[in-house]
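Worksheet for the structure shown next.
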Ligand code: G6P
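Numbering (UniProt numbering), first residue to last: 1 to 447.
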């Protein structure tokens with residue numbers, strides 16, 4: 001069998017332990033482990049001239065990482081404006097904040113063409129190519145135009161809305177036509193697959209999307225969690241709680257994650273259940289993300305203000321109800337934090353999957369597991385029915401779920417956790433990749 005060629009905008013640094021936050025790099029890294037592969041993408045660096053570069057190669061274990069630099073202007077129009085100022089909110093159903101400019105779309109296509117120019121010479125005939133995420137929708141079509149005959153699959157890690165929403169995008173038809181170059185498109189949920197296929201059908205294109213929910217490596221994360229309970233940071237956190245219940249939120253600083261809505265829910269909990277005042281701490285870890293995009297900067301200001309307000313209104317001289325951090329925390333320390341948390345709050349307004357929910361389950365102790373509060377609008381929800389399900393817009397519902405989570409009997413926590421753990425263990429990142437790639441290799445090319 002030939003190599004697996006993975007293409008994504010973000011490529012994990014082969015030897016770095018502290019990888020960038022975000023589901024794609026984490027899930028995929030677990031998936032390619034042990035497979036002969038080439039991983040191609042952006043280096044994360046800038047250059048003054050992107051056209052005549054040669055990709056930098058770095059081989060680590062079974063994978064060769066090939067990366068290219070982008071100019072500052074490409075970064076701005078392709079990554080910040082078109083990918084994250086337009087496609088991201090559109091796919092998360094936030095058409096009120098999208099910002100379309102023809103120049104951004106033009107540069108988005110140019111960067112996809114640059115990826116194709118740089119990648120094509122590295123390809124072999126028997127490779128299987130797997131392209132990831134919304135930054136690279138047109139890449140398959142651009143590779144075909146350069147004569148690539150190999151199987152090309154695409155996976156979208158974020159939600160995909162129905163045609164009634166997608167058609168807001170002025171270039172939607174052209175983008176869908178180009179996406180028809182893929183032999184198979186994977187999305188996270190049955191709803192996303194049916195939405196995407198409805199878009200193809202509305203444009204008289206053959207449907208080719210199917211759902212393959214992504215997972216994690218639960219054994220590795222679980223072991224990290226057990227090991228790191230003794231880590232200095234985790235011990236310090238534990239000691240600082242002084243017996244209070246720990247409610248944990250871990251998200252990139254992104255408006256799709258529903259963090260203000262969650263904090264509002266926590267405040268409602270403090271008001272509605274005053275008997276628990278002083279007994280809980282919400283630790284919200286929110287590494288800054290995409291700070292060049294205006295909507296992200298606005299969210300940061302809003303969260304700074306909300307966290308300050310809650311602590312000032314509800315806290316006491318020896319207790320702050322919320323600890324809000326915008327720095328990133330190493331993954332293994334996070335695993336330890338997950339292990340000692342009593343409740344995880346995973347309440348995105350929309351999310352492709354949300355691997356934090358799965359990581360929390362993998363990290364918990366079977367003897368005394370915590371409760372998972374999960375948004376019904378996360379892609380993980382159909383698989384994780386035993387979580388305490390909430391509508392993330394319903395702050396009173398979040399308050400009630402926090403109360404239910406911290407007062408739940410050991411028996412019920414164990415029963416729910418066992419069911420959740422079974423799913424997390426069955427559907428791992430490696431199984432996910434195998435299922436997608438098996439189907440891709442079996443798919444006949446539709447011209
Ligand atoms: C999500 C996206 C990924 C992205 C990650 C981090 O998980 O699906 O494609 O890499 O967020 O975002 P960033 O903009 O930092 O790459």
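Each residue gets a CB set at the ideal place from its N, CA and C atoms; glycine is no exception.
Assuming residue i and residue j are in contact, meaning their beta carbons sit under 8 Å apart, how far apart are those beta carbons, in whole angstroms?
| i | j | result |
| --- | --- | --- |
| residue 343 | residue 373 | 6 Å |
| residue 436 | residue 153 | 7 Å |
| residue 156 | residue 133 | 6 Å |
| residue 187 | residue 93 | With 8 Å as the limit, residue 187 and residue 93 do not qualify as a contact, their Cβ atoms being about 15 Å apart. |
| residue 37 | residue 5 | 7 Å |
| residue 400 | residue 378 | The Cβ separation is near 18 Å, so there is no contact. |
| residue 167 | residue 184 | Their Cβ separation, rounded to whole angstroms, is 24 Å, which puts residue 167 and residue 184 out of contact at 8 Å. |
| residue 386 | residue 420 | 5 Å |
| residue 223 | residue 260 | With 8 Å as the limit, residue 223 and residue 260 do not qualify as a contact, their Cβ atoms being about 35 Å apart. |
| residue 279 | residue 244 | 6 Å |
| residue 455 | residue 111 | Outside the shown range of the chain (1 to 447) lies residue 455, about which nothing can therefore be said. |
To which residues does DSSP link residue i through a beta bridge?
| i | result |
| --- | --- |
| residue 63 | 37, 60 |
| residue 249 | 284 |
| residue 388 | 373 |
| residue 70 | 46 |
| residue 351 | 378 |
| residue 24 | DSSP, once it has assigned bridges, lists no residue as partnering residue 24. |
| residue 128 | 4, 151 |
| residue 449 | Absent from the model: residue 449. The displayed extent of the chain is 1 to 447, so no value can be given. |
| residue 266 | Partner(s): none; residue 266 has no beta bridge. |
| residue 324 | 284 |
| residue 345 | 373 |
So, is residue i buried or exposed, given that buried needs 16 or more other C-beta atoms within 10 angstroms?
| i | result |
| --- | --- |
| residue 147 | exposed |
| residue 151 | buried |
| residue 410 | exposed |
| residue 356 | buried |
| residue 353 | buried |
| residue 59 | exposed |
| residue 407 | exposed |
| residue 317 | exposed |
| residue 217 | buried |
| residue 284 | buried |
| residue 138 | buried |
| residue 142 | buried |
| residue 240 | exposed |
| residue 375 | buried |
| residue 371 | buried |
| residue 54 | exposed |
| residue 121 | exposed |
| residue 62 | exposed |
| residue 383 | buried |
| residue 126 | exposed |
| residue 193 | buried |
| residue 358 | buried |
| residue 196 | buried |
So, with DSSP's three-state summary, where would you put residue i?
| i | result |
| --- | --- |
| residue 115 | helix |
| residue 81 | helix |
| residue 338 | helix |
| residue 317 | coil |
| residue 8 | strand |
| residue 90 | helix |
| residue 215 | coil |
| residue 307 | helix |
| residue 367 | coil |
| residue 235 | helix |
| residue 171 | coil |
| residue 394 | coil |
| residue 121 | helix |
| residue 160 | coil |
| residue 289 | coil |
| residue 296 | helix |
| residue 274 | helix |
| residue 53 | coil |
| residue 95 | helix |
| residue 137 | coil |
Exercise for the section: Answer yes if the region 95-115 comes into contact with the region 66-85, meaning at least three C-beta pairs across the two stretches below 8 Å, and no otherwise. Expected result: Cβ pair count under 8 Å is three or more, so yes.
Problem - Meets three-Cβ-pair contact criterion under 8 Å: the region 42-51 and the region 250-270 - result: Contact fails: fewer than three Cβ-Cβ distances are below 8 Å.
Handout entry: Touching by the beta-carbon criterion (3+ pairs, under 8 Å), the region 235-254 and the region 385-399
Key = With a cut-off of 8 Å, the region 385-399 and the region 235-254 do not count as touching, because too few Cβ pairs lie within range.
Exercise for the section: State whether the region 298-310 contacts the region 334-354, with contact taken as three or more CB pairs (one from each stretch) at a distance under 8 Å. Expected result: When C-beta atoms of the region 298-310 are compared with those of the region 334-354, fewer than three pairs fall below 8 Å, so the two segments do not count as touching.
Exercise for the section: Indicate whether the contact test is met: 3 or more Cβ pairs, each with one atom in the region 79-93 and one in the region 287-299, closer than 8 Å. Expected result: Yes: at least three Cβ pairs fall under 8 Å.
Practice task
Evaluate contact between the region 410-423 and the region 364-382, counting only Cβ atoms and requiring at least three cross-stretch pairs below 8 Å.
Solution key: Cβ pair count under 8 Å is three or more, so yes.
Exercise for the section: For the region 164-178 and the region 191-209, state whether three or more C-beta atom pairs, one from each stretch, are separated by less than 8 Å. Expected result: Enough Cβ pairs lie closer than 8 Å, so yes.
Practice task
Could you tell me whether the region 324-333 touches the region 229-239, where touching means 3 or more Cβ pairs closer than 8 Å?
Solution key: Three or more pairs of CB atoms, one per stretch, sit closer than 8 Å, so the region 324-333 contacts the region 229-239.
Practice task
Count the C-beta pairs between the region 208-224 and the region 417-430 that are closer than 8 Å, then say yes if the count reaches three, no if not.
Solution key: Counting Cβ pairs under 8 Å, three or more are found: they touch.
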